[in-house]
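What follows is a set of notes on a single structure, which appears directly below.
There are 2 protein chains.
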Amino acid sequence: MRVIVIGGVAGGMSAATRLRRLDESAEIIVLEQSRYVSYANCGLPYFVGGEIEHRAELLLHTPESLGARFRLDVRTQHEALAIDPEARRVEVMDHRSGALVELDYDVVVLALGAAAHPLDAPGIPVHTLRTVDDVDAIDALLPRDGDGSALVVGGGYIGVEAAENLVRRGVPTTLVHRGPHVLAALDPELAVLVEDELRANGVELRTSTEIQSVEEGEVRLSDGARLRPRLIVNASGASPNTGLARAAGLRLGANGGVAVDAQNRTSDSRIYAVGDGVEKIGLDGEDTLVAMAGLANRHGRTAADVIAGRAEHNSPALGTTVVRVFGLTAASLGWSERRLQRAGRPYRVVHTHPMSHAGYFPGAERMALKLMIDPADDAILGAQAVGGAGVDKRIDVLAVAMTGGITASGLARLELAYAPQYGQAKDPINQLGYVADNVRTGTTATVQWHELPALQLNGAAVVDVRSDAERAAGAIPGALGIPLDELRERLDELPDAPVVVYCQVGQRGHTAARLLVQHGVDARNLDGGYRTWSAGRAAEHAAAETMEAR
Amino acid sequence: MRVIVIGGVAGGMSAATRLRRLDESAEIIVLEQSRYVSYANCGLPYFVGGEIEHRAELLLHTPESLGARFRLDVRTQHEALAIDPEARRVEVMDHRSGALVELDYDVVVLALGAAAHPLDAPGIPVHTLRTVDDVDAIDALLPRDGDGSALVVGGGYIGVEAAENLVRRGVPTTLVHRGPHVLAALDPELAVLVEDELRANGVELRTSTEIQSVEEGEVRLSDGARLRPRLIVNASGASPNTGLARAAGLRLGANGGVAVDAQNRTSDSRIYAVGDGVEKIGLDGEDTLVAMAGLANRHGRTAADVIAGRAEHNSPALGTTVVRVFGLTAASLGWSERRLQRAGRPYRVVHTHPMSHAGYFPGAERMALKLMIDPADDAILGAQAVGGAGVDKRIDVLAVAMTGGITASGLARLELAYAPQYGQAKDPINQLGYVADNVRTGTTATVQWHELPALQLNGAAVVDVRSDAERAAGAIPGALGIPLDELRERLDELPDAPVVVYCQVGQRGHTAARLLVQHGVDARNLDGGYRTWSAGRAAEHAAAETMEAR
């Protein structure tokens, strides 16, 4: 059996090495267009920034080491030009010799990844940040004399990482992003925390902004700004590389990636496809593009198992993500609120702001957590988290809970590891469960930050139950201040109207709402408290401002 | 309704505050024997060590603040002397005034915790490390002149934390532990890593050792050593405080704790009990003592829900634990291998040694992971982890997976958050799943470290597939060295016998075993590689040495 793997990084290389472990006799040829295989593509931005010091650390394997260990026939600078499924033949250009080769196959694995949308900028070098070659080119262009700046186009994961690392290298960097907020997997009131962090660390961030024109080395942006960057990093979008697949007549999915089944088989049963170039099967069985290294690796392994005759299959893709942005970690999984709204799907939301570990132990950091819940069955639909320590842990826990069918209320009962350095006796995840359960059972009704204006218009009173000092540092306009600890004694100060109470993060608000309801007041708690409300407002404000400026 | 909560820390205070949120009208009296309530008991050792600098940080609430916020009637230095279930009356001693008070009740919640086994040491002050009063006493006794040492008795969580913090304060500290290894929840080959860390940081650790006698300030240990410590911290065991419950005729469980149902109701339907003094319901429905703050808090909340008329109940206790030991984190959940052996229950074990995050990104640390699996249905039975960064995350993920019924092989498919700072494209948890799946499907048969001697006696050859440099730094005696990358070419050097291959952590060994099996060799892989083998051997050796010395 001859297997040709086209693409020698994450998914392709996982397929090739796993297949060898399962089948010592197969002939396995790996074709890679660039000069390197099996490199650390998720590490590339950090070599630009200098956090990864040695270029050699990015190169995990060479064709020689893969040959010795796995008996793989790895051919770099080899480009597959065409696949003939009838003849079972791949046409290959050897860019080192210029020779055109034809290779027969029994099975093909396509692992060609995705590319940024093309960007043409006359007079300015443009590079993506996807290969070792890209990094070498960017590195060579970086202004070493403190003179000259960089422009990053696209505020997705790669764009945000590129901007951070250019700034780390001392290069003044502008990040332009077409949408109103960076990191599309996050809802606005969490994305705005990431945007604040980017700006606080010196990134010149321009959202709702595009390149309008480029002339003689000058970039004109849609917001009127003009820049003369030394280089442009193009991180705008991730379009599946499907030229080869389309020419071979393979079926594409709803979003333009190669369509595969749960075993990574394409519409041609002898051709498999994995990685960023492929449509994943989403949580509702729908086609979805999730460009994540974890899935690429896992699906490469699945393809190898299936080729070796095993009954392996993929689980639906949650779309779990995490990215470090300077001192913050931003992570997400499953459905965002925005996606649920667009899909017209009913949902409940819970916001919390727990400390990463016991507040009395040094180093605790506050995070913002958001949970999307199916009101029909209390199932977890998605989650988002932005903060410092412990964010990745909580998103992982939620990913497993969602996979294991644990309900939102069921999070309350999870027995997580507790010592004061690691969590809280009631872990942030348990707390999410408590809030979800209180909402589900009607113990405390909540109000979302964006629902508040309409409620106020309808005559609801807003009561701030924080301390006077907290209120002095910022409060919701028009709120009546009664600290929680005085509330029982000052019930007569409340107007004869529905009441929305709030505190800093939602916890004291819950206690206040419970107290008021039992005293006959129609009271609801502002979900996530002042923190969520102010982040939501800031996000709206930023979006409105950029709209105005255009 | 009058509810009397006896015990004003973790479980008791969770019950009291939750009950108030659910029932504004109940009269809630909290009786606490010590001078403080709602203090950070898990933080106490770190105030001794100085990491928590200000004593005030330990005191989360005062009777006054709890009165203002939750209308709780909190009475410190009040000791419940007796409960009369017939008359529904508690007899209380007010130690401030010396007055004896009788309080009628509708419901009682017992939250009296556990105590160390009594330890009498004539001429030396002995303190436990359970209350703020304990910490004040220890702090006052600490030798500030660099002269004088401390003795900690008991190598459980509190003992290990006490020893670390005394050393942090500059006090020469001996830790004696009766069992062969510290932290009973860990199996020996993981516990030995913790013991190395304790010794490397200056703790004089003596396992399999007891106090034989104490005379005129001199402690004689069972290993012959004599010490004259300035103070003794008694962290030997955790016996449920059940005097009050027994006198009231409440039923006790199999391990001497108060017996409760899944709603924390004792054998008297008007008396609830929570926390370390109570038997938890274990994974198989058995009685079990798990003295963990997380469960105490959660079960306090359960009791409040039930008292308020809700149908809440507890899940079986996994026994999830975590502790920091200097630069290490040690964590565990569920069944240990030792417990499975004792119970005569069939199991499979997997050891791995993954990096906390991508090896090419700075700061990655290696951890030891161990998974116990039910061979009948591939269910996760338990897990242990010792290492640096990311240990707590992996144990939490495994706790949720176990709760959600995800199988060991199913770990391979979990979609965890990946970026190079947080994990690996194939996360350590996925890797565990891959190994478990390879064992389950017979893809690679494994051998445990303690099974190797018998196999060698029966003629099995051991093949070391690591590099020459690795082998030179330590190898299994009698092993034949053939680096993995040369194995295909050197098959003829293998003896005509069953072969056990090994590498450093088990990964190359797996590739080698696959290769050999397909070439007709009867090959198995040493689970966890040289690292697990050498840790297991060190653990055996240490246990044997202390036995010899006695």
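Residue numbers (full-length UniProt numbering), protein chains in the order written: chain F, 1 to 550; chain A, 1 to 550.
Where a beta carbon is used, it is the ideal one built from N, C-alpha and C, also for glycine.
Note that the structure is a prediction, hence the values are computed from the model and not measured.
- Residues bridged to F:N430 (per DSSP): F:N430 is not bridged to any residue.
- Query: Just by C-beta distance, which residues in the segment 23-57 of chain A are closer than 7 Å to chain F?
  - Reply: E24, A40, C42, G43, Y46, E51, I52 and E57
- Could you tell me the distance, in whole angstroms, from the CA atom of F:A116 to the CA atom of F:G237? 5 Å
- Message: Please report whether the beta-carbon of F:E470 lies at a distance below 8 Å from any beta-carbon of chain A.
- Response: no
- Message: Looking at chain A, is there any beta carbon in it that lies within less than 8 Å of the beta carbon of F:G272?
- Response: Reading off the sequence shown, one finds Tyr at residue 272 of chain F, where the question assumed Gly. Not closer than 8 Å to any Cβ of chain A, the Cβ of F:Y272 fails to qualify, so no.
- Task: Compare the C-beta of A:K426 with all C-beta atoms of chain D and state if any pair is closer than 8 Å.
- Result: Of the protein chains in the structure, F and A, none is chain D.
- Item | C-beta neighbour in chain A for F:M292, strict 8 Å | yes
- Query: Going along chain F in order, which residues have a C-beta closer than 7 Å to the C-beta of A:F326?
  - Reply: The contacting residues do not exist; A:F326 stays about 12 Å from chain F at best.
- Item | Pairwise C-alpha distance: F:D284 and A:A512 | 40 Å
- Do F:V274 and F:H313 have their C-beta atoms closer together than 8 Å? no
- Task: Round the Cβ separation of F:W533 and F:I476 to the nearest angstrom and send it over; I've been treating them as touching at under 8 Å.
- Result: 6 Å
- Query: Run through DSSP, which three-state label would A:G386 get?
  - Reply: It is worth fixing the name first, because residue 386 of chain A is Val in this sequence and not Gly. Strand, per DSSP.
- the segment 44-53 of chain F / the segment 360-367 of chain A touching (three or more Cβ pairs under 8 Å): yes
- Item | Ordered list of beta strand (DSSP E) runs contained in the segment 29-97 of chain A, each at least 3 residues | 73-76, 78-84 and 89-94
- Query: Closer than 7 Å, Cβ to any Cβ of chain A: which residues of the segment 308-334 of chain F, in chain order?
  - Reply: S315, A317, L318, T320, T321, V322, V323, R324 and A331
- Message: Give me the residue from F:G387, F:G98 and F:A417 with the minimum Cα distance to F:G327.
- Response: F:G387
- Query: Which residues does DSSP pair with A:D287 in a beta bridge?
  - Reply: A:I281
- Task: Could you tell me which chain F residues have their CB closer than 8 Å to the CB of A:Y360, listed as they occur along the chain?
- Result: A40, G43, I52, E57, L58 and L60
- Item | Counted within 10 angstroms of its Cβ, other Cβ atoms place F:P188 as buried (16 or more) or exposed | buried
- Task: For the segment 394-420 of chain F, enumerate the residues whose C-beta is nearer than 8 Å to any C-beta of chain A, in chain order.
- Result: I395, D396, V397, A399, V400, A401, T403, G404, G405, I406, A412, R413, L414, E415, L416, A417, Y418, A419 and P420
- Message: Would F:T242 and F:V203 qualify as a contact pair, given that the criterion is a beta-carbon distance under 8 Å?
- Response: no
- Message: Runs of 3 residues minimum, wholly inside the segment 450-526 of chain A: which ones carry the beta strand (DSSP E) assignment?
- Response: 461-464, 499-502 and 523-526
- Query: Quick one, are the C-beta atoms of F:A385 and F:M372 less than 8 Å apart?
  - Reply: no
- Message: Looking at F:P240: is its Cβ nearer than 8 Å to the Cβ of F:I124?
- Response: no
- Note down, in chain order, each residue of its chain lying with its Cβ closer than 7 Å to the Cβ of A:V101, except the 5 sequence neighbours on either side. V92 and D94
- Item | Identified DSSP bridge partners for A:T446 | A:N525
- Query: Can you name, in chain order, every residue of its own chain whose Cβ lies under 6 Å from the Cβ of A:W335, other than the five neighbours on each side?
  - Reply: M372, L381 and G382
- Below-8 Å beta-carbon distance, F:L205 vs any chain A residue: no
- Verify the CB distance criterion: does F:Q341 have a CB-CB separation below 8 Å to chain A? no
- Task: Examine the ligand GTP and report whether any of its heavy atoms sits within less than 7 Å of the Cβ of A:S467.
- Result: Looking at this structure, you won't find the ligand GTP or any other ligand, since it has none at all.
- Item | Contact list for A:D485 against chain F, beta-carbon separation under 7 Å | A68 and R69
- Give the straight-line distance between the Cα atoms of F:R69 and A:E486, rounded to the nearest whole angstrom. 8 Å
- Contact set between F:T174 and chain A, taken where Cβ atoms lie within less than 9 Å: By Cβ distance, chain A contributes nothing, its closest Cβ being about 23 Å from F:T174, past 9 Å.
- Kindly indicate if chain A contains any beta-carbon less than 8 Å away from that of F:R21. yes
- Item | Buried or exposed (CB count within 10 angstroms, at least 16 for buried), F:Q212 | exposed
- Message: Assess contact between the segment 433-440 of chain F and the segment 461-469 of chain F, defined as three or more Cβ pairs (one per stretch) separated by less than 8 Å. Is contact present?
- Response: no
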